[in-house]
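>
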Amino acid sequence: MSAYLDSLNSGQREAVEYLEGPLMIVAGAGSGKTKVLTTRIAHLMHQGVDTFRILALTFTNKAAKEMKERVELILGDNSARSLFIGTFHSIFARILRFEAESIGYPSNFTIYDTTDAKNVIKDIVKSLNLDEKLYKPATVYNRISAAKNNLYTYKDYQADYDIKQEDERSKRPMMGVIFEKYSKQCFKNGAMDFDDLLVNMYLMLTTHPESLSKYQHKFRYILIDEYQDTNTAQYHIIKLLGAMHENICVVGDDAQSIYSFRGASVKNIFQFQKDYEDVKVIKLEQNYRSTESILLAANAVIGHNKTQIEKSLWTENGKGQKINLVCTFTDNDEGRHVADSISEKKLRNHFKNSDFAILYRTNAQSRSFEESLRRSNIAYRIYGGLSFYQRKEIKDFVAYLRIIVNPKDEESIKRVINYPTRGIGKSTISKLTLYANENDKSFWDVLCECRAAGIGGRAASSIENFVVMIRAFQSMESKKNAFELAEEVGKTTGLIKSLYNEGAVEDLARYENAQELLNAIQEFTQTPDEEGEIIEKSLGIYLQQITLLTDADKDDPEDSDVVTLMTIHASKGLEFPNVFVVGLEENLFPSSQSLYDLDDLEEERRLFYVAITRAKTNLWITYANHRYRYGKLVSNESSRFLDEIPEDLVDTTHARKPKSGQFSAKRDPLKQALQQRKVQKANYNHEVKGQFVADSPKDMKEGTKVEHQRFGFGKISALEGPEANKIATIEFDLLGKKKIMLNYAKLRIVNV
DNA sequence: TGCGCAGGTGTTTTT
DNA sequence: CACCTGCGCA
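Taking the numbering used here, the leading residue of the first sequence gets 65, the next gets one more, and so forth.
Structure representation (structure tokens):
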């Protein structure tokens, strides 16, 4: 039989082998959830299920990527590549690309990120002459988003009595009108925001029975990760897609539900059992990740929540070290203490940087740790925060590309029509907008006939030049690939040049970012796939992909060894040998916004539970008596959650109020030793680091031993295809057989 | 029209 | 503290 089943415990194995009919896996933290999901997919394929009939949905790209890689690893070949594994948003975007026209959208629809969406809202609030303090873009956006996540259209919204009451109470009676205008504007722009990807998927399925039936047939097996985080829209889509075969497997843990602010509802877990007859429920309660102390602490904390599914997580792992509770004077001391602890732990126990994670409640907390780590010469990486694609210079560049692909995208046109400066000012824009609205024309069409809109003189000729330029780009689209086109855009628009000319240091960085965007597009077009598979690589697809990428999706360099800094939200699903959970203070964690609502407070507690359960071996929990907030030093009480951890599990050596600077270890002998170690390590790393120069495909023959930049070492076992485009089958030491297109793969020959 | 500066304002969490 | 906005000036 299949060897991959052998490493599973009985519950896991049952979950993998129960293929037909609805299945709910209640999987506690660290109980091997990902292993079950990936093995299940591999098992399905092993049973002869076609890859394109399996749909697996996750919440983050990272989780999707890991799942794909692990399936590949189990199967030992690249047959996993055509699996539909991805986030709800990215998979639906992919499907909607095919189906968009049936609901009136162009297939090259633009995907608006939160910033784009807020800009549209800002314009609408202005055009309605509303109080911009009251109708702040973020507030309006959140309200609309919440409605959409519940599948409310603007019509539903306007008709709902309770909503109306609520908006009037908060003095925002025009919310429904803004929602309507926003929806119409996005549609007119051929654009969808994040929520629309769900809403429109639902709309498409419910209004086009033939499409619904197509996807119901196609996806014979559906798997949903983190089911406790699904919102109403996602819930209904899953239900629709799975209605024919009812082979829906959901994995979830109510204790880890931390996205209710995004419309997620734990109720979906309970509802699942009511929606289908004979739902098989399997609980995974053995934790393989953490020491007993860590697990006991986590269980004790979550025990303070009223609402939860009964389960008890246990482990066979040893008791392990006590949890370190650390109190410092200020947030800067907190940073220093964490950096020092990492140094010390590295030295004593020979951990790598990547064995450590610092987890915090809010992104703003990263500052003190960045400083202390930098000072201690510890490499780190912050996940989250501003994505590469949200930087101004990148958004500007992308806006041009978006216009080429989808000229209806008014938002993008407005963003760059006068950047770089070409003398098309505010008054001209508002004239054009007015004319467009009055004559029911798209902004682009009005640009094309700007003189009819009453524009003359210099502005008119500038606009005409702009239109000619964009049209020229559009006609290049069929002749050039995405990279060549983007390069042309950078040159012709003067975008690259304007960045280069600005001269200051940060401008140089922006210039380099623009170059990096070009590199990314180049890579997208040139390297069809890791395995050399060729799929469509149009500019339109590229643009739809990048909006859904976050900073966390960026690949780490192969040789990177860094401490991870991230929010607790972002850490879900990950594990580290050593974890610092920081900032355990009232008003911060639990957040000040959550103190007056039991449900909110319980969600904060679940968040703390998630944080604790990331740790495998060592856990530190820290807090500071004083912290800079808005530039002012404020004092804090320790978090109520700390009192919920049984005392006997905690080491309080550093928990008593220290004097400021107590933990700064200027004369620490450890530090000197560390310096030496660093030098050694650098030498050692040097060999590994060395520039990876790929060898020519011509020199590769059957039997040649090679090294792949990502896949490691292997041997070519077969060659096929024409001389100019040879495809090699390579047996990798770690990953097994893979087919690689030599023209695209980066391989170097290993001399034995 | 464009840029620089002063002042106000705000912090959860993310696809 | 850091970002954004609005205002005033060239």
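Glycine included, every Cβ here is placed at the ideal spot set by N, Cα and C.
Remember, predicted model here, so these are calculated numbers, not experimental data.
#1: Per the DSSP calculation, Thr630 is bridged to which residue(s)?
#2: What residue range does the alpha helix (DSSP H) around Pro273 cover?
#3: Taking only three categories from DSSP, how would you classify Arg15?
#4: Are the segment 670-681 and the segment 339-349 in contact at 8 Å, needing three or more beta carbon pairs?
#5: Please report how far the alpha carbon of Tyr323 lies from the alpha carbon of Gly487, in whole angstroms.
#6: Using the Cα positions of Tyr68 and Gly92, report the straight-line distance between them to the nearest angstrom.
#7: Thinking Asn848 and Arg669 are a contact (beta carbons under 8 Å), I'd like their distance in whole angstroms, please.
#8: Could you tell me whether the Cβ atoms of Arg425 and Gly75 are closer together than 7 Å?
#9: Using the beta-carbon count (16 or more within 10 Å), is Asn413 buried or exposed?
#10: Looking at Leu119 and Ile358, is the spacing between their C-beta atoms short of 7 Å?
#11: Assign Leu198 to one of two classes, buried (16 or more other C-beta atoms within 10 Å of its C-beta) or exposed (fewer than that).
#12: For Glu435, which residues from the same chain have a beta carbon less than 8 Å from its beta carbon, with the 5 sequence-adjacent residues on both sides left out?
#13: Let me know the secondary structure DSSP gives Val646 once reduced to three states.
#14: List in chain order: all unbroken alpha helix (DSSP H) runs of 4+ residues lying wholly within the segment 157-201.
#15: Should Phe530 be labelled buried (16 or more other beta-carbon atoms within 10 Å of its own) or exposed?
#16: What span of residues does the alpha helix (DSSP H) with Asn815 cover, start to end?
#17: Taking the straight line between their C-alpha atoms, what separation do you get for Asn332 and Arg104?
#18: What separation, rounded to the nearest whole angstrom, lies between the Cα atoms of Phe547 and Arg479?
#19: Taking the DSSP output, what are the residues bridged to Glu771?
#20: Out of curiosity, what's the CA-to-CA distance linking Leu276 and Leu261?
#21: Could you check whether the segment 645-665 touches the segment 374-381, counting it as contact only if at least three pairs of C-beta atoms, one from each stretch, sit closer than 8 Å?
#22: Taking just the CA atoms, how far does Thr355 sit from Arg77?
#23: Going by Cα to Cα distance, which pick from Phe152, Asn388, Gln249 is closest to Lys902?
#24: Could you have a look at Asp661 and say whether DSSP puts it in helix, strand or coil?
#25: Could you tell me which of Ala297, Lys252, Tyr246 sits nearest to Thr270, measuring between CA atoms?
#26: Of all the options Lys132, Ala584, Thr124, which has the alpha carbon lying nearest to the alpha carbon of Met109?
#27: If you draw a straight line from the C-alpha of Ala463 to the C-alpha of Ile159, how long is it?
#28: Taking 6 Å as the limit between beta carbons, can you name the residues of its chain near Thr611, skipping five residues before and five after?
#29: Enumerated in chain order, which unbroken segments of the beta strand (DSSP E) with a length of 3 residues or greater are wholly contained in the segment 208-265?
#30: Please report the Cβ distance between Met265 and Phe173, rounded to the nearest whole angstrom; I am assuming they are in contact, meaning their Cβ atoms lie under 8 Å.
#31: Pick helix, strand or coil for Asn651, following the three-state DSSP scheme.
#32: Taking the beta strand (DSSP E) that Val314 belongs to, which residues open and close that run?
#33: Give the DSSP bridge partners of Trp378, in chain order.
#34: Should Ser234 be labelled buried (16 or more other beta-carbon atoms within 10 Å of its own) or exposed?
#35: According to DSSP, is Met533 helix, strand or coil?
#36: For Tyr218 versus Phe243, is the C-beta distance shorter than 7 Å?
Looking at the coordinates:
#1: Counting from one through the first sequence, the residue named residue 630 turns up at place 566. In the sequence as displayed, the identity of residue 630 is Met instead of Thr. Beta-bridge pairing links Met630 to Leu423.
#2: Taking the first residue of the first sequence as position 1, residue 273 is located at position 209. Segment 273-282, the alpha helix (DSSP H) holding Pro273.
#3: No information on residue 15 is available, as it lies outside the stretch 65 to 816 that the chain covers here.
#4: no
#5: Numbered from 1 along the first sequence, position 259 holds the residue referred to as residue 323. Numbered from 1 along the first sequence, position 423 holds the residue referred to as residue 487. So the two alpha carbons sit approximately 45 Å from each other.
#6: Sequence index remark: in the first sequence, residue 68 carries index 4 (1-based). Sequence index remark: in the first sequence, residue 92 carries index 28 (1-based). The alpha-carbon atoms of Tyr68 and Gly92 are separated by roughly 22 Å.
#7: The chain is shown only over 65 to 816; residue 848 falls outside these bounds and no answer can be derived.
#8: As a first step, residue 425 is located in the first sequence; it is residue number 361 there, counting from the start. As a first step, residue 75 is located in the first sequence; it is residue number 11 there, counting from the start. Not in contact: Arg425 and Gly75 (Cβ atoms no closer than 7 Å).
#9: Indexing the first sequence from 1 puts residue 413 at position 349. It is exposed - the Cβ of Asn413 has fewer than 16 other Cβ atoms within 10 Å.
#10: By one-based count along the first sequence, residue 358 stands at place 294. By one-based count along the first sequence, residue 119 stands at place 55. No, the pair does not count as a contact, with Cβ atoms beyond the cut-off.
#11: On the first sequence, position 134 is the one that residue 198 refers to. Label assigned to Leu198: exposed.
#12: Numbered from 1 along the first sequence, position 371 holds the residue referred to as residue 435. If we look at Glu435 and ignore the five residues flanking it on each side, its Cβ neighbours are Asn396, Gly399.
#13: Within the first sequence, numbered from 1, the residue matching residue 646 stands at position 582. If DSSP states are grouped into helix, strand and coil, Val646 belongs with coil.
#14: 178-191
#15: As a working note, residue 530 is residue 466 in the first sequence. Phe530 is buried by the Cβ-count criterion.
#16: The sequence position of residue 815 within the first sequence is 751, counting from 1. No alpha helix (DSSP H) contains Asn815, which DSSP labels as neither H nor E.
#17: Here residue 332 is taken as the residue at index 268 of the first sequence, counted from 1. Here residue 104 is taken as the residue at index 40 of the first sequence, counted from 1. Their Cα atoms are separated by approximately 22 Å.
#18: For this step, residue 547 is matched to residue 483 along the first sequence. For this step, residue 479 is matched to residue 415 along the first sequence. Roughly 22 Å separates the two Cα atoms.
#19: Here the question's residue 771 lines up with position 707 in the first sequence. In the DSSP output, where bridge partners are listed per residue, Glu771 has Phe777, Arg812.
#20: Counting from one through the first sequence, the residue named residue 276 turns up at place 212. Counting from one through the first sequence, the residue named residue 261 turns up at place 197. Those two C-alpha atoms are separated by around 16 Å.
#21: no
#22: Looking up residue 77 in the first sequence gives position 13. Looking up residue 355 in the first sequence gives position 291. In a straight line, the C-alpha of Arg77 is about 24 Å away from that of Thr355.
#23: Lying before the first or after the last residue shown, residue 902 is absent from the chain, which here runs from 65 to 816.
#24: Here residue 661 refers to the residue found at position 597 of the first sequence. Of the three classes helix, strand and coil, the one that applies to Asp661 here is coil, per DSSP.
#25: The count along the first sequence starts at 1 and reaches residue 270 at position 206. Cα-wise, what sits closest to Thr270 is Ala297.
#26: Numbered from 1 along the first sequence, position 45 holds the residue referred to as residue 109. Here the closest residue by C-alpha is Lys132.
#27: As a working note, residue 463 is residue 399 in the first sequence. As a working note, residue 159 is residue 95 in the first sequence. C-alpha separation (whole angstroms): 23 Å.
#28: The residue you call residue 611 lines up with position 547 of the first sequence. Answer for Thr611: Ile175, Asp177, listed in chain order.
#29: Taking only runs of at least 3 residues, the beta strand (DSSP E) segments lying wholly in the segment 208-265 are 255-257.
#30: Here residue 265 corresponds to residue number 201 of the first sequence, with the count starting at 1. Here residue 173 corresponds to residue number 109 of the first sequence, with the count starting at 1. Going by Cβ atoms, the distance from Met265 to Phe173 rounds to 12 Å, so no, they are not a contact pair.
#31: As a working mapping, residue 651 is identified with position 587 in the first sequence. Strand.
#32: Position 250 of the first sequence, counted from the first residue, corresponds to residue 314. 312-316 is the extent of the beta strand (DSSP E) around Val314.
#33: Working through the first sequence from its first residue, we reach residue 378 at position 314. Gln350.
#34: Start at 1 with the first residue of the first sequence, and residue 234 comes out as number 170. Its Cβ having fewer than 16 others within 10 Å, Ser234 is exposed.
#35: On the first sequence, residue 533 is found 469 positions in, with the first residue counted as 1. It is helical.
#36: The sequence position of residue 218 within the first sequence is 154, counting from 1. The sequence position of residue 243 within the first sequence is 179, counting from 1. Yes, Cβ-Cβ distance for Tyr218 and Phe243 is below 7 Å.
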